[in-house]
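Trainee:
Protein chains: 2
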Amino acid sequence: MANPLVSDRNVEFLLYELARAEDLTALPYFSEHSRETFDLVLASARKLAREQLFPAFKPMDDEPPRLENGQVRIHPAMRELWPRMFEMGLGTATRPAEVGGQQLPRTVAVLAAHYCMAANGAAMGYLGLTTGAAHLIEAFGDEFLKREFMTRMYAGEWAGTMALTEPDAGSSLADVRTRARPQADGTFRIDGNKVFISGGDQDLTANIVHLTLARIEGAPAGIKGVSLFAIPKKRPDGSDNDCACAGVFHKMGWRGLPSIALNFGERGECRGWLVGEPNLGISYMFQLMNDARLMVGLNAASTASAAYFEALEYARTRPQGRSLNARDPASPQVPIMQHADVRRMLLKQKAIVEGALALLVTCARYADLAKHGDDRHRAQLLLDVLTPVAKSFPAERGFEANALSVQVHGGYGYTSEYLPEAWLRDQKLNTIHEGTTGIQSLDLLGRKVVAEGGAALVALNEEIESAIERATAARVEPGWIDAVRRAAAVVRDVTMLLASKGLSGDRDGMMLHSFDYLDLFGTVVIAWQWLLQAAAAKEGRDDRFYRGKLAAAQYWINAELPRVDYLAKLIADGEDSYAADWF
Amino acid sequence: MANPLVSDRNVEFLLYELARAEDLTALPYFSEHSRETFDLVLASARKLAREQLFPAFKPMDDEPPRLENGQVRIHPAMRELWPRMFEMGLGTATRPAEVGGQQLPRTVAVLAAHYCMAANGAAMGYLGLTTGAAHLIEAFGDEFLKREFMTRMYAGEWAGTMALTEPDAGSSLADVRTRARPQADGTFRIDGNKVFISGGDQDLTANIVHLTLARIEGAPAGIKGVSLFAIPKKRPDGSDNDCACAGVFHKMGWRGLPSIALNFGERGECRGWLVGEPNLGISYMFQLMNDARLMVGLNAASTASAAYFEALEYARTRPQGRSLNARDPASPQVPIMQHADVRRMLLKQKAIVEGALALLVTCARYADLAKHGDDRHRAQLLLDVLTPVAKSFPAERGFEANALSVQVHGGYGYTSEYLPEAWLRDQKLNTIHEGTTGIQSLDLLGRKVVAEGGAALVALNEEIESAIERATAARVEPGWIDAVRRAAAVVRDVTMLLASKGLSGDRDGMMLHSFDYLDLFGTVVIAWQWLLQAAAAKEGRDDRFYRGKLAAAQYWINAELPRVDYLAKLIADGEDSYAADWF
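Chains as they are written, first to last, in our numbering: chain S, 1 to 583; chain W, 1001 to 1583.
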């Protein structure tokens, strides 16, 4: 049986039973939509994913892009896929009608993208970067940029990139050095070097617009002197804009999408167009980065999903060994699914994949409500506090899940004849790009949970309380409900302890265990999502699918959530072995 | 600074301060040795490793073996390395003088091999397979096989392999199907297909001897009907022996060492020589497999060591960001080593690498004592019970350590211009080959801890108690000592609980959490090794090296060992989510 990549039943479950997406159509922005239009979008996404994107995944991994005479050549399969993705409307699905969009809820769009990312993350990378860059221009650019650049990008005629990182400025964007000098015609002369620019060059589209962070001459030091520019590979008049590819990085994974070093202005001929106001580049870029972080989380959940279904099918069909009690060596071997440790590995993958996906759908719903709902501020607070978790949980635990998919396949899993090793290689990037896990943990603890006096945590606790009510009404196992309630209290206590450390001036002490705090926080957030799924499962009729949901919920709450006490103690004790000065 | 791959100071520490290797020279078998001869071996190993093996690592990863007209072509660098490894005596270091060996303690040899594996695991793979196969013939073969095969293999003229796995018999060796028919001349006609045969073909040596599991016609079903054969690629008379390479597996890592599919007897012309008695093949093979498992653990610790030192150097020299309190954006960036989360990642790597290595040295010492010591039975019990941990702990946690090395390198770590991604790819195999982690956990819980009424666990507790005495005398932090003592008691309690489940007939219940049991057991075993290292560090004068040991001991005991309670509860509760029938 071909790998489904994603469970259709689970998508339906998350959308309609968990997130109750139909409720969104009551909001004016989504009023043209209905369950029927949602289902049409999902049906075409899964068709595109399974029939076109997935067959190109392995060929694109096998033959990565190469640089020829200064031009990056990508896999020819992309030329087939690119127009299909835009015809399907993936580029503008959530955008307003006035820019050619379909005003689809992100709650639905995230699941359409999930199919496509599970099928071919690299192919979706080109699209996500293009639409993300176009969205930046939509939000902050002037009419010229919208007309000349955005429209063509949303249509897939041109592509886009995010050009942030420099050789000495990766995690630290305050140290961006690329320079911009005002020209008489209102443009800027750009001069600088960028690295790790995904999709930074290709032979797929007629032009590429690099949304670039640079410093206008005389701007203040640090992040308050960084501006945002749109820098096209070719100028609007079609002439060359002096953006040179200085090299293609050979990578562990994501081999279908080139990551390049880009030199702006080697000949002094590179022009950039300022987006928005000078010196506000970082704040603009954060719109894209916050979206990009959710997309990284989604890619991670999707990569883990594809690998999980591959392992599930393998475990069902691969005979090896016998049960512990069957001692007759002449008896036939059993499918490895029957071995307890294989089932453990599969259930853990399921719990990670479906827990992460539920969180991403939940975040998408908050994003919809933050733009179009009634209590936008509250929804935005929830989205903000959950974003570091929605980015890093699928990346960190998804990497474990992907490693388990290799492990279930045994020796075959280590060979390139099977796909799990490719997904494992792809997955590793997700803990790094768009802010490493360490950066996410600083963002969560140093910024998000303490913002507005802890308002986000209050809102999150209300959401957890409401999940507990739903679970109680649905007669979910009381022990699970108590465990989640207790764990949420642990998060509150630990947060208060750390916040008071910070308030007393011990910022280093507050942040020492930021990674463990993120782990603790994420484990509880996913337990909340599993409690919700258990409630929805109990509300349905008893069948195999719901029993699977209950098994995974049980696993997460009984076998993962208890880590909370151990992590909380570690954080509260302020264990300081790595503060020692022996390094 | 070039990557040292291994800390010389740590090697000296483990050998002389922890394992007290000089004491071994009091045993007759090692009486020709002294600290001077030990140091000479280590000096030449580190020179070979750093000057010859390591420079070939990346080229061998970049250009994997290929099949040309039925012959596997390997990287030409191996032709330089192979004679150097044998000249150094790596092939026969521990073997007795009568077979040309040096009678070196394994306690020392394991550290010499550690340098070489950290430098180039694939290159050492050819050697380890050859000497392991020769050792099997030494132990169980007749004079003909020793003279014709073993001598040439120990000299590096011929190579050797382990040919166990078949397409339908990987973890389940009881299902080996390769057939052997007795011939008039005392040889056997062999007919069958093997897969994943590392070093199964190459253009490096004049001949290759495959130590092969096969079934003599009419033998009983199951493992009691499996015999061991020596099957050379070319017969002793130089004629072809009908061993055909049916394909080279493309692999995620270990790309310097071919893994092939091997067909014996396609033309009915393959001859095998029986090693030892018929139907005892599995018991013979376990000698090699137990050694091979320790070698896998050593490879894992070595791969993690090389990556750890790469990350350490990168963290010392890569400037990025500023401290949490330094808010002046014009101040220079600091080395990432100064960020708490980077230090956490480095210390965790150190604790895993050096904890694993200490265990492997401890196991090597038990192996020496089991062959040449006074209480051989007790030493063998300890070696047996620790082998599954010494194989799987470095593999499982080493994979985490290797992922952290990539993470410390950020975006650069994901590119193939840096080495951490290659080591991460290499590491993944170690949880799979020579018995997956799941298999190791069944071996530990189902066989090793319950053997002889739990005698091994009694011996292990005596060893832990003696470490506690040493730590107490050295004035190690009492809290750490208590934590280790308490954790050892948890292992005893959990083991008794599970054993009594098994005795009451509930074998499935006993084994349900075998993976968690292995994790629990391994975490405590490594804590024991860290307590010993803390004791040895306190016995020395206060310096940076010893402070590093104490920091890592503190980390393991405070930040990892507390997982024991959570794991014990999980096991004791018999959490049964993956017993559910929804799959």
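Built from N, CA and C at the ideal position, the CB exists for glycine as well. All values derive from a computational prediction rather than experimental measurement.
Just checking, does the region 1045 to 1060 of chain W make contact with the region 1019 to 1029 of chain W on the three C-beta pairs under 8 Å criterion?
Mentor: Under the three-pair Cβ rule at 8 Å, the region 1045 to 1060 of chain W does not count as touching the region 1019 to 1029 of chain W.
Trainee: Touching or not, the region 421 to 436 of chain S and the region 482 to 502 of chain S, by the rule of three or more beta carbon pairs under 8 Å?
Mentor: no
Trainee: Is it the case that the region 432 to 452 of chain S contacts the region 517 to 536 of chain S, given that we only count it when at least three CB pairs across the two stretches are under 8 Å?
Mentor: yes
Trainee: Could you check which residue in S:Gly-132, S:Asp-341 and S:Ser-416 has the C-alpha nearest to that of Met-1510 of chain W?
Mentor: S:Asp-341
Trainee: Pop quiz: Arg-50 of chain S and Leu-90 of chain S are said to be a contact at Cβ under 8 Å. What is the actual Cβ separation, rounded to whole angstroms?
Mentor: Not confirmed; about 15 Å, so no contact.
Trainee: Please tell me whether Ala-163 of chain S and Leu-211 of chain S are closer than 8 Å, where the distance is taken between their beta carbons.
Mentor: yes
Trainee: On the premise that Phe-1229 of chain W lies in contact with Ile-1190 of chain W, defined as a C-beta separation below 8 Å, what is that separation, rounded to the nearest angstrom?
Mentor: 7 Å
Trainee: Apply the 10 Å Cβ neighbour rule to Glu-967 of chain W and answer buried if 16 or more other Cβ atoms are within range, or exposed otherwise.
Mentor: One cannot answer for residue 967 of chain W here, as it falls past the ends of chain W, which runs 1001 to 1583.
Trainee: Which partner residues does Arg-1215 of chain W have in the DSSP bridge list?
Mentor: W:Arg-1179 and W:Val-1226
Trainee: Does the Cβ of Asp-1240 of chain W have 16 or more other Cβ atoms within 10 Å, making it buried, or fewer, making it exposed?
Mentor: By the 16-neighbour rule on beta-carbons within 10 angstroms, Asp-1240 of chain W is exposed.
Trainee: I'd like to confirm the pairing. Which residues does DSSP put opposite Ser-198 of chain S in its beta bridges?
Mentor: S:Ser-259
Trainee: Measuring from the CB of Ala-1056 of chain W, is there a heavy atom of the ligand SAH at a distance below 7 Å?
Mentor: With respect to the ligand SAH, the structure offers nothing, as it holds no ligand at all.
Trainee: Looking at C-alpha atoms only, which residue of W:Gly-1272, W:Gly-1411 and W:Lys-1549 is the closest neighbour of Gln-1320 of chain W?
Mentor: W:Gly-1411
Trainee: Any C-beta of chain S within less than 8 Å: which residues of the region 1406 to 1438 of chain W qualify?
Mentor: For the region 1406 to 1438 of chain W, the set of positions with a beta-carbon nearer than 8 Å to some beta-carbon of chain S reads Val-1406, Gln-1407, Gly-1410, Gly-1411, Gly-1413, Tyr-1414, Thr-1415, Ser-1416, Glu-1417, Glu-1421, Leu-1424, Arg-1425, Lys-1428, Leu-1429, Thr-1431, Ile-1432, His-1433, Thr-1436, Thr-1437 and Gly-1438 in chain order.
Trainee: List the residues of chain S that Arg-1343 of chain W touches, going by C-beta distances under 7 Å, in chain order.
Mentor: Tyr-578 and Phe-583
Trainee: If we define contact as Cβ-Cβ less than 8 Å, is Leu-512 of chain S a contact residue for chain W?
Mentor: For Leu-512 of chain S, the closest Cβ of chain W is nearer than 8 Å.
Trainee: Going by CA-CA distance only, name the one from W:Gly-1192, W:Gly-1253 and W:Asp-1384 that's closest to Gly-1268 of chain W.
Mentor: A check of alpha carbon separations from Gly-1268 of chain W across W:Gly-1192, W:Gly-1253 and W:Asp-1384 identifies W:Gly-1192 as the nearest.
Trainee: Considering only the beta carbon of each residue, do Gly-1121 of chain W and Asn-1290 of chain W sit closer than 8 Å?
Mentor: no
Trainee: Using three-state DSSP, classify Glu-1269 of chain W as helix, strand or coil.
Mentor: Here Glu-1269 of chain W carries a coil assignment [DSSP, helix/strand/coil].
Trainee: Exposed or buried, which one is His-1587 of chain W when buried takes at least 16 other CB atoms within 10 Å?
Mentor: Past the edges of chain W, shown from 1001 to 1583, lies residue 1587 of chain W, and the structure says nothing about it.
Trainee: Given this structure, state the Cα-to-Cα distance separating Asp-1328 of chain W from Asp-175 of chain S, to the nearest angstrom.
Mentor: 12 Å
Trainee: Are there 16 or more other CB atoms within 10 angstroms of the CB of Glu-616 of chain S, so buried, or fewer, so exposed?
Mentor: The structure shown does not extend to residue 616 of chain S, since chain S spans only 1 to 583, so no value can be given for it.
Trainee: On a CA-only basis, which of W:Ser-1577, W:Asp-1185, W:Gln-1338 and W:Glu-1012 is nearest Ala-579 of chain S? Give me that one, please.
Mentor: W:Gln-1338
Trainee: Under 8 Å, Cβ to Cβ, is there at least one residue of chain S near Ala-1174 of chain W?
Mentor: Yes, because at least one Cβ of chain S sits closer than 8 Å to the Cβ of Ala-1174 of chain W.
Trainee: Pull out every residue of the region 84 to 101 of chain S whose Cβ sits closer than 9 Å to any Cβ of chain W, in chain order.
Mentor: none
Trainee: Applying the criterion that 16 or more other CB atoms from any shown protein chain within 10 Å of the CB defines a buried residue, is Thr-1317 of chain W buried or exposed?
Mentor: exposed
Trainee: Applying the 10 Å Cβ sphere with the 16-neighbour rule, what's the burial state of Ser-323 of chain S?
Mentor: exposed
Trainee: Does Lys-549 of chain S come out as helix, strand or coil in the three-state DSSP assignment?
Mentor: Lys-549 of chain S: helix per DSSP, three-state reduction.
Trainee: Report the start-end ranges of each beta strand (DSSP E) in the region 26 to 85 of chain S that is 3 residues or longer and not cut off at the edges.
Mentor: Within the region 26 to 85 of chain S, the complete beta strand (DSSP E) segments at least 3 residues long are 66 to 68 and 71 to 73, listed from N- to C-terminus.
Trainee: Taking the alpha-carbon of Leu-1257 of chain W as reference, which of W:Ser-1302, W:Ile-1557, W:Gln-1202 and W:Ile-1231 has the nearest alpha-carbon?
Mentor: W:Gln-1202
Trainee: With DSSP collapsed to three states, give me the class of Phe-1188 of chain W.
Mentor: Residue state, collapsed to three classes: strand.
Trainee: Within 10 Å of its beta-carbon, does Gly-1540 of chain W have 16 or more other beta-carbons around it, so buried, or fewer, so exposed?
Mentor: exposed
Trainee: Look at the alpha carbon of Pro-1232 of chain W and the alpha carbon of Leu-1213 of chain W, and state the distance between them as a whole number of angstroms.
Mentor: Rounded to whole angstroms, Pro-1232 of chain W and Leu-1213 of chain W show a C-alpha spacing of 13 Å.
Trainee: Starting from Gly-222 of chain S, find everything on chain W with Cβ-Cβ shorter than 7 Å and list it in chain order.
Mentor: Here the neighbours are Pro-1329.
Trainee: Less than 8 Å separating the beta-carbons of Ala-301 of chain S and Pro-394 of chain S?
Mentor: yes
Trainee: Under 8 Å between C-beta atoms, does Leu-346 of chain S make it to chain W?
Mentor: yes
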